[in-house]
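Q:
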Amino acid sequence: MARVVDVNLLRKIKQHGAGSTLDVSACFNCGNCTAVCPLAADSAGFPRRMIRMAQVGMEQELLASEDLWRCYACGECTQTCPRKADPAEFMAAARSYAIGRFDFTGLAAIANRSAIGNLLIFAAFSAVFSALLLSKMNPAGPQLPLFSFLPGQWIHDIGVILFAVVGLSALFGVASMGVRFWTQRRGEGVALSFTALPGAVFTALSDALTHRRFRECDGEQQSPPALEEPWHQRPWVVHATVMGGFLAMLLATTLDFMLKPIGSPAPPWYPMRILGLVGGIVCLYGLSIVLLRRAQGKHTPYTKSSFADWFFPILLTVTVVTGILCEVVVYLPSPSTFGHAMFFTHVVLAMDLVAMLPLTKFAHVLYRTLALVLFAWRHAPARVTASVGAEI
Amino acid sequence: MNTQIDSNYRPDALIVGGGIAGLQSALDLADQGLQVLVVERQSSIGGHMIALSKVYPTLDCASCITTPKMSAAAHHPNMQILTNTEVEAIESRDGAHQVRLLQKPTYVNFDKCIGCRLCEYACDTEYPDPFEEGLGAVRAIAVPFTNAIPQKAVLDAGHCGTCGTCARVCPTGAIEFDQQPRHLTIRTDAVIVASGFQLNALTVKPQFNAHRSRNIIAPITLERLLAPHGPYGRVLRPSDGKMPSSIAFVQCAGSRDESIGVPYCSRVCCMYSIKQAMLLSGALPLADITIYYMDIRAFGKGYEQFYQNAKAMGINFVRGKVARIHPVDGGDLAVQVESTENAETPMELRRHDLVVLAQGMIPGWMPADSTPVACASDGFVATPALTAPTATTAPGIFVAGTAAGPKDIVDTIAEAGAAAMQASQYLYQKRSALVAV
Chain B
1 MARVVDVNLL RKIKQHGAGS TLDVSACFNC GNCTAVCPLA ADSAGFPRRM IRMAQVGMEQ
61 ELLASEDLWR CYACGECTQT CPRKADPAEF MAAARSYAIG RFDFTGLAAI ANRSAIGNLL
121 IFAAFSAVFS ALLLSKMNPA GPQLPLFSFL PGQWIHDIGV ILFAVVGLSA LFGVASMGVR
181 FWTQRRGEGV ALSFTALPGA VFTALSDALT HRRFRECDGE QQSPPALEEP WHQRPWVVHA
241 TVMGGFLAML LATTLDFMLK PIGSPAPPWY PMRILGLVGG IVCLYGLSIV LLRRAQGKHT
301 PYTKSSFADW FFPILLTVTV VTGILCEVVV YLPSPSTFGH AMFFTHVVLA MDLVAMLPLT
361 KFAHVLYRTL ALVLFAWRHA PARVTASVGA EI
Chain Z
1001 MNTQIDSNYR PDALIVGGGI AGLQSALDLA DQGLQVLVVE RQSSIGGHMI ALSKVYPTLD
1061 CASCITTPKM SAAAHHPNMQ ILTNTEVEAI ESRDGAHQVR LLQKPTYVNF DKCIGCRLCE
1121 YACDTEYPDP FEEGLGAVRA IAVPFTNAIP QKAVLDAGHC GTCGTCARVC PTGAIEFDQQ
1181 PRHLTIRTDA VIVASGFQLN ALTVKPQFNA HRSRNIIAPI TLERLLAPHG PYGRVLRPSD
1241 GKMPSSIAFV QCAGSRDESI GVPYCSRVCC MYSIKQAMLL SGALPLADIT IYYMDIRAFG
1301 KGYEQFYQNA KAMGINFVRG KVARIHPVDG GDLAVQVEST ENAETPMELR RHDLVVLAQG
1361 MIPGWMPADS TPVACASDGF VATPALTAPT ATTAPGIFVA GTAAGPKDIV DTIAEAGAAA
1421 MQASQYLYQK RSALVAV
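In order, the protein sequences belong to chains B and Z. Under my numbering, the first residue of the first sequence is numbered 1, with each subsequent residue one higher. Under my numbering, the first residue of the second sequence is numbered 1001, with each subsequent residue one higher.
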């Protein structure tokens, strides 16, 4: 099979790294990073092989690799790297690069590479959603209930169209990675059986929900322990709170739309309201740890932060905060201008969040999940690997 | 303690360090008729080399090369040696150097001691022998080791029980319990810094768990195990005295690693590990020997052939930097490494019963704090002039051997000769200038 080598690959990936400090060219492939990694043990797939692929320009191999997304950036490799080549930051930069390559609009590449590009895209989306909302806004004073101020049906209609468009875009991204994986592994002689796929999906989803792999990455079993944070600040716990809280809010919003007429009043003990509020608070806890750690810049995996690393958690935080404020506003004696402003902002930001899913770090929900599926699929018991020795 | 030398003694050159570099420089200067004083921190001259078993790439006996040089130095009419003595400071003015020395008490009068060892035989206090890297025992008062020079007993105050037996049995009354540290200032025209190296601590990388297993050893410990006059006379592992059947050498365990602050290559580790592997396959013909390496740096004359010979002898070379070493049952060790040239089982945990960490060389003494000699960023003495590699930043002070950077014995001896030549040229020019005036 002919191999196309991209001589600029390493340079392009470096543009996605946090700051100019990523010096992965210093890597001399000693293998320390892979050997020290708590997750690489079963395949030796990363980080060294990923870095090697980038160094020699094997873009197809790099993007086709599910291993790229199996790393949770515990930072052990960076701490012990004899060349200070920062393999963990390389992995993050390569994932950011991959998000750009999987997105067919080209917007993700811009958003992940430059802060200005990211902000411009964000501003453009916000302007579009604001304009759409303003077009049907009821300006009849601050006394109106929230869903009369912005018609609930209109929000719903925009939402449905938005989900359809983003869903298609996400599908394209997922297919882009999946096809690369398929071509590459078939080329390597890995036999993939479709009967094993449902099992792999189940394994991957349960891994994602239970954070089983992420917990292995914790470094606690290692000697000496890699991380000394208390349990409630461990990276996997923090991620679980953000993810769990987000899923709770998503579920609450969806059920609310499905079970209850839009905008109809509900008492404070209404289960969906409580679920959403608790989810929001749990999510905010995790986000506050993430933002604090990024600001401190001392704890792995938060030592280095690119603009994209900041953008997604901040966007999510502001969305959640405005959402919680809306919940409060509903029970104030009379809806105020402040309440209307919060509601407007929340709806625009929530739409931004969805619209930018394939463009920001949010995209990891697609690619990491897919990578877990592909990994489980590839290593399913039914697989038959073509023996290299048999060909000779 | 040698009290013959006092501040009236004015040598032409003072050599800091009595290892192979210092001795070579001193002999080369003394042979030219110059008066030389060698200052050694330890109780015997000979440095690290006298403790080695054999040297690469010829597999010559190390002490067979070192002992004659030590002996020649001890008996040279133009040479004086101060052991147990440290250089506190060097002050240089108008090309002359005032070297402040601190002589530590040995509690034995060297003028009276005849090296008969009656005190050593009578002493009933023993402690782990530092010369044998703690594997054997030594008496609290003893001649430091068999072929030590000077052959004078030294009392270790930290372990002595002051029972007085040694003083009673000494035929010459040499034991002096009341000795005090002695300060001494020597004026000289030239100084050669040959202060050598020390090895990075075994525990410098916590991932290797060296503090949790006695079977993770330093290469200098293996040298003693391999030496014919070593602690056991054969190779046994420290924890239980078992004859090891699978030995791992972990290269770059204390150098070429920015995470421990030693980014430079220690130069000698590849070659000494190959040499030790060869000697081990002679001592333990049935043992499996594996060297884990990043790349083999066989840089000198005949070295590449030496490496190829080792491969042909059946020593395993596995390319990959060891990331962790886990103590496992039975005192054995599991080595965690990515075998980067093995696509089949790259991440297999490999079990060994003895692991040797190739520690890196770090400076033995940092003269920059107390002398006019500047050190480079790696801590070794700076040698800024490319055309005068033994010249330091201070006029009249020269450097030789591993004080200037990691190097092997061959290069050290060559450099020591060069430093001596530079020093004698400096002395000659200085004195002919005086005569001319």
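All C-beta atoms in this analysis are idealised placements derived from N, C-alpha and C, irrespective of residue type, glycine included. Since the structure is predicted, the reported quantities are computational estimates derived from the model, not experimental observations.
By how many angstroms is the C-alpha of Z:S1246 removed from the C-alpha of Z:H1443?
A: Since the first residue shown for chain Z is 1001 and the last is 1437, residue 1443 of chain Z is missing from the structure and cannot be characterised.
Q: Using alpha carbons as the reference points, say which of B:L357, B:L370, B:A380, B:H379 lies closest to B:V166.
A: Checking every option, the nearest Cα to that of B:V166 belongs to B:L357.
Q: Alpha carbon to alpha carbon, what distance is there between B:L277 and B:G339?
A: Straight-line Cα distance between these residues: approximately 17 angstroms.
Q: Would you kindly work out how many angstroms separate the C-alpha atoms of Z:G1302 and Z:F1197, rounded to a whole number?
A: Rounded to the nearest angstrom, the two C-alpha atoms are 25 angstroms apart.
Q: So Z:I1005 and Z:I1149 are supposed to be a Cβ contact under 8 angstroms. How far apart are they, rounded?
A: 16 angstroms between Cβ atoms; not a contact.
Q: Between B:K85 and Z:Q1207, what straight-line distance do the alpha-carbon atoms span, to the nearest angstrom?
A: It is worth fixing the name first, because residue 85 of chain B is Ala in this sequence and not Lys. Roughly 19 angstroms separates the two Cα atoms.
Q: Kindly say whether Z:M1079, judged by its beta-carbon, lies nearer than 9 angstroms to any beta-carbon of chain B.
A: So no, Z:M1079 is outside the interface.
Q: Mind checking the stretch 6 to 30 of chain B against chain Z and listing, in chain order, the residues whose C-beta falls within less than 8 angstroms of any C-beta there?
A: Within the stretch 6 to 30 of chain B, the qualifying residues are F28, N29, C30.
Q: In three-state DSSP terms, what is Z:I1315?
A: Coil at Z:I1315, not helix or strand.
Q: Ignore the nearest five residues each way along the sequence and tell me which others in B:T34's own chain have a CB closer than 6 angstroms to its CB.
A: Here the set comprises A40, A44, R48.
Q: Over what stretch of residues does the alpha helix (DSSP H) that includes B:T203 continue unbroken?
A: Looking at the DSSP string, the run of the alpha helix (DSSP H) that includes B:T203 is 197 to 210.
Q: Whole angstroms are fine: how far does the CA of Z:L1349 sit from the CA of Z:S1281?
A: Spanning the two alpha carbons is a distance of roughly 23 angstroms.
Q: Strictly below 8 angstroms CB to CB, what residues from chain Z border B:V36?
A: Result: Q1207, A1323, R1324, Q1336.
Q: Is Z:Y1127 closer than 9 angstroms to Z:E1176 when the C-beta atoms are compared?
A: Cβ atoms of Z:E1176 and Z:Y1127: not closer than 9 angstroms.
Q: Measuring straight from C-alpha to C-alpha, what distance separates Z:H1048 and B:Q296?
A: In a straight line, the C-alpha of Z:H1048 is about 46 angstroms away from that of B:Q296.
Q: B:N32 versus chain Z: which residues are under 7 angstroms apart at the beta carbon?
A: Result: K1321, A1323.
Q: Pairs of beta-carbons, one from the stretch 1238 to 1245 of chain Z and one from the stretch 1200 to 1219 of chain Z, closer than 8 angstroms: are there three or more?
A: Touching, yes, given that three or more Cβ pairs across the two stretches are closer than 8 angstroms.
Q: Does any residue of chain B have a CB that is nearer than 9 angstroms to the CB of Z:C1160?
A: Cβ-Cβ to chain B under 9 angstroms: no for Z:C1160.
Q: Name the chain Z residues whose beta carbon is nearer than 9 angstroms to that of B:C81?
A: Neighbours of B:C81 on chain Z, chain order: D1257, E1258, S1259.
Q: Per DSSP, Z:V1373 is paired with what?
A: None; Z:V1373 has no bridge partner.
Q: Specify, as a first and last residue, the run of the beta strand (DSSP E) that Z:P1327 falls within.
A: From DSSP, the beta strand (DSSP E) with Z:P1327 extends over 1322 to 1327.
Q: Please tell me whether Z:M1347 has its Cβ less than 9 angstroms away from any Cβ of chain B.
A: Chain B, which has a Cβ nearer than 9 angstroms to the Cβ of Z:M1347, makes this yes.
Q: Below 8 angstroms on the Cβ atoms is my contact criterion, and I expect B:A64 with B:T203 to pass it. Report the Cβ-Cβ distance as a whole number of Å.
A: With 8 angstroms as the limit, B:A64 and B:T203 do not qualify as a contact, their Cβ atoms being about 20 angstroms apart.
Q: List the endpoints of the continuous beta strand (DSSP E) containing Z:Y1293.
A: 1288 to 1293 is the extent of the beta strand (DSSP E) around Z:Y1293.
Q: Around the C-beta of B:L292, are 16 or more other C-beta atoms found within 10 angstroms, so that it is buried, or is it exposed?
A: Result: exposed.
Q: Whole angstroms is fine: what's the gap from B:I99's alpha carbon to B:L171's?
A: For B:I99 and B:L171, the distance between alpha carbons rounds to 13 angstroms.
Q: Kindly list the residues whose CB is nearer than 7 angstroms to the CB of B:R368, restricted to its own chain and excluding five residues on each side of it in sequence; keep chain order.
A: Contacts found: W69.
Q: Show which residues of chain Z have a CB atom less than 8 angstroms away from the CB atom of B:R48.
A: Residues of chain Z passing the Cβ test: E1338, T1340.
Q: What are the boundary residues of the alpha helix (DSSP H) that includes Z:P1068?
A: Start and end: 1062 to 1075.
Q: Going by alpha carbons, who is nearest to B:R52 out of B:H346, B:C37, B:L9, B:F149?
A: Ranking B:H346, B:C37, B:L9, B:F149 by Cα distance to B:R52 puts B:L9 first.
Q: What residues are listed by DSSP as bridge partners for Z:A1142?
A: In the DSSP output, where bridge partners are listed per residue, Z:A1142 has Z:V1154.
Q: Alpha carbon to alpha carbon, how far is Z:I1397 from B:V4? Give it in angstroms, no decimals.
A: If I take the Cα positions, the gap works out to 59 angstroms.
Q: By a C-beta neighbour count over all protein chains shown, 10 Å radius and 16 as the cutoff for buried, is Z:A1433 buried or exposed?
A: Per the 10 Å Cβ criterion, exposed.
Q: Just to make sure I have the definition right: I need the residues of chain B whose C-beta is within less than 9 angstroms of the C-beta of Z:M1294. Which are they?
A: Result: F28, N29, C30, G31, N32, P82.
Q: What three-state label does DSSP hand B:I274 in the structure shown?
A: Reduced to three states, the DSSP call for B:I274 is helix.
Q: So, does the CB of Z:C1123 fall closer than 9 angstroms to a CB anywhere in chain B?
A: Output row for Z:C1123: interface = no.
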